[in-house]
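In our numbering, the protein residues as written are 12 to 563.
Glycine included, every Cβ here is placed at the ideal spot set by N, Cα and C.
What you are looking at is a predicted structure, and each value in this text was computed from that prediction instead of being measured.
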Amino acid sequence: MKRAPKAPVKAKANRIGGSKLARSMRLAIENVARFGDTDIFPFSIERHVIRDRPDDALSILLQINETLDQSIHEMPIESERLLQAVGYTGFRQGTQIDPIWNLYLLGMVILIGDDIEAARVPASRGVVFSYRFAPETADHSLFAKNHGWEEFQKKAVELAHSYKYVLSCDISDFYPRVYHHRLENALKKATRNTQAIAHIKRVLSELARGASYGLPVGGPATRLLSELLLNRVDKLLLGHGCAFCRFVDDYYLFAQTQEDAYSGLVYLSETLLENEGLSLQKTKTRIMSASEFLDTSAFSTENVPDDPEQVMHRDFLALHIHFDPYSETAVEDYETIKAELTKFDIVGMLAAEMQKSRISETLTRKLVRALRHISGPSRQTAITSLTENLPILYPILPTVMMVLRDILPELSSGIKEPLFAQLRRIIETNSYLCAVPTNLAFVLRLLAADDSEETDATLMKVYSSTASTMIKRDVILILAKHNADYWISAQLKRYNSCSLWERRALLIASYILEDEGDHWRKRLKGGLSPFDVLVVKWASYKKQAGTPWDLG
12 MKRAPKAPVK AKANRIGGSK LARSMRLAIE NVARFGDTDI FPFSIERHVI
62 RDRPDDALSI LLQINETLDQ SIHEMPIESE RLLQAVGYTG FRQGTQIDPI
112 WNLYLLGMVI LIGDDIEAAR VPASRGVVFS YRFAPETADH SLFAKNHGWE
162 EFQKKAVELA HSYKYVLSCD ISDFYPRVYH HRLENALKKA TRNTQAIAHI
212 KRVLSELARG ASYGLPVGGP ATRLLSELLL NRVDKLLLGH GCAFCRFVDD
262 YYLFAQTQED AYSGLVYLSE TLLENEGLSL QKTKTRIMSA SEFLDTSAFS
312 TENVPDDPEQ VMHRDFLALH IHFDPYSETA VEDYETIKAE LTKFDIVGML
362 AAEMQKSRIS ETLTRKLVRA LRHISGPSRQ TAITSLTENL PILYPILPTV
412 MMVLRDILPE LSSGIKEPLF AQLRRIIETN SYLCAVPTNL AFVLRLLAAD
462 DSEETDATLM KVYSSTASTM IKRDVILILA KHNADYWISA QLKRYNSCSL
512 WERRALLIAS YILEDEGDHW RKRLKGGLSP FDVLVVKWAS YKKQAGTPWD
562 LG
């Protein structure tokens, strides 16, 4: 007796919201396709897969939702935790999640995003400025654009005019110390969608490798979840009569006396510890007079430096130079930015920063980003200077690499070749600049533009020496872009001993091997996960269309 055919995936997707679930998952796809899945690591190649094949990606996500346990068995929730440099001597850990599972987690959080936002202290109270859930279908963004770091700082300045003392503090190791059961309790109070809660908890547990605490750092899903977790503390502070404002784990509390400020510090510390098991960073906790706070805030109108250089720095930092190439007024916006930047000596200011023993990270990062919007010999000079001063730029090395990659097509060979030689040198000498895996990942993305034999040899050494699966994945893809068929062919023989991400990269890379790659993929066909099947389909289409793919 024949079995009845299975219902289409889309027709079954009503267990957690039906069409609402599909809309949430599609928004997750659109958001990641445009903005990426992380603000820590280079974007993964899978971002292009889901951008080019959104319907196929949606079908996989809906199938995951229907058969979560089976999907985890077929497609283990892989992740990698890697260090990112913070300043010259500090570090924090970020988590790169397998792209399909990052999408699923984000889609589930979007599904209950309105419930989470409704449970939080209202944005209209002007207290909490971080990640207010306000999805936009036009640009696929998730968070309100009129609530952010700048608005948080301006609110702090406003409150400082009404009080005599300001307490500045932030939470120590916030994301890694979030307890899952406390988050689960907060979710249960915010939404009735118990199955969504169960699925989110299951994914987080897999990412935590069985531990009952820790949120992955770097993606929008956990940003919104962490905001809900701190919501109880926000409400308790308001109920206690505290005047405060918060952005993520940064707090400002305001008081009329030093004693009240200290009392507020004690109350906040007790509330965080008792309710969430969290504590404040001792070295960043400070009580100051309101006048001192206003004198040091870049957002205070009273803070007018006497030094003309400081005035120029302040005015430049206040300049909005974000460019959205998808905007309906992109051309006009770009010309406006270029005109505004002509008012500043970008190259001179950048050169002055690089003469210091330690750069101002905020200022230098913005100066480097501004290089995208200037042209001519001055930019060439700035690029040469950046190449020669990478050690002093260590805290913002990822930004430097991203900007150089963006403008690389406009640079002369006389600029490019010394740059590539310098990058190879810092890798081969085991420079501390690349000791942090995140830095190395961004360096490799820039070095990918050089297909010389010297660079290929360097990449092969990196592959043999690194323990990072993310780095290994990128090296495979870069060498495939360089058409290093001899090396790719050799790697196919060790496919079964590779990590999941390496295997996926080899599936894409195998298309440079023509018939050899075709025969090899046919032998694997029955053992591929649904997402890997989609990746192969995408790579096949790219090959047939003669369209080159990019790493991320």
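*Under the three-state DSSP convention, the category M299 falls into*: strand
*For the segment 159–242, which segments carrying the alpha helix (DSSP H) assignment without a break, of at least 4 residues, lie completely within its bounds, in sequence order?*
160–171, 191–201 and 205–218
*Are E217 and M481 touching if we call contact CB-CB under 7 Å?*
no
*Using 8 Å as the threshold, is the segment 183–192 in touch with the segment 77–87, meaning 3 or more CB pairs across them?*
no
*Any idea which residues DSSP pairs A266 with across the strands?*
Y176
*Return helix, strand or coil for T469, following the three-state DSSP convention.*
helix
_Taking the alpha-carbon of S223 as reference, which of H192, Y278, H59 and D245 has the nearest alpha-carbon?_
H192
*Would you say the beta carbon of T205 comes nearer than 6 Å to a heavy atom of the ligand SAH?*
For the structure depicted, the ligand SAH is absent and the ligand set is empty, with no information on it obtainable.
_Which residue wins for smallest C-alpha separation from I523, given the options S540, L535, R220 and I499?_
I499
*Could you tell me which residues DSSP puts in a beta bridge with G105?*
L93
*asked:* Helix, strand or coil, according to DSSP, for A459 in the structure here?
replied: coil
*Is L330 helix, strand or coil when you go by DSSP?*
coil
*Is it a yes or a no for the segment 154–172 touching the segment 255–263, going by three-plus beta-carbon pairs under 8 Å?*
yes
*Quick one: residues in its chain with C-beta nearer than 6 Å to the C-beta of A167, no 5 flanking neighbours on either side, listed in chain order?*
C256 and Y263
*Mind checking S575: buried by the 16 CB within 10 Å criterion, or exposed?*
A query on residue 575 cannot be resolved here, the shown segment of the chain reaching from 12 to 563 and no further.
*How big is the Cα-Cα spacing for K554 and E372?*
42 Å
*Is the beta carbon of T132 sitting closer than 7 Å to the one on D50?*
Before going on, a small fix: residue 132 reads as Val here, not Thr. Contact: no.
_Coarse secondary structure for V139, derived from DSSP in three states_ = strand
_Rounded straight-line distance, which links the Cα of Y474 to that of G563_ = 19 Å
*So, do the segment 381–400 and the segment 342–354 have three or more beta carbon pairs nearer to each other than 8 Å?*
yes
*Which residues bound the alpha helix (DSSP H) around F542?*
P541 to A556
_Quick check on F355: does DSSP put it in helix, strand or coil?_
coil
_Run through the DSSP bridge pairs and tell me what A254 is partnered with._
F265
*asked:* So that I know if they touch, is there some Cβ in chain C lying closer than 7 Å to that of L122?
replied: The chain labelled as chain C is not found in the depicted structure, where only one protein chain is given.
*Return the CA-CA distance between H530 and L518, expressed in angstroms with no decimal places.*
12 Å
*Starting from G528 and walking both ways along the alpha helix (DSSP H), at which residues does that stretch end?*
D526 to L535
*DSSP puts F310 in a beta bridge; with which residues?*
None; F310 has no bridge partner.
*Among the residues of its own chain, which have a CB less than 8 Å from the CB of K548, if the five just before and after it don't count?*
R64 and D67
*asked:* Assess contact between the segment 452–469 and the segment 479–494, defined as three or more Cβ pairs (one per stretch) separated by less than 8 Å. Is contact present?
replied: yes
*Using 8 Å as the threshold, is the segment 39–54 in touch with the segment 98–117, meaning 3 or more CB pairs across them?*
yes
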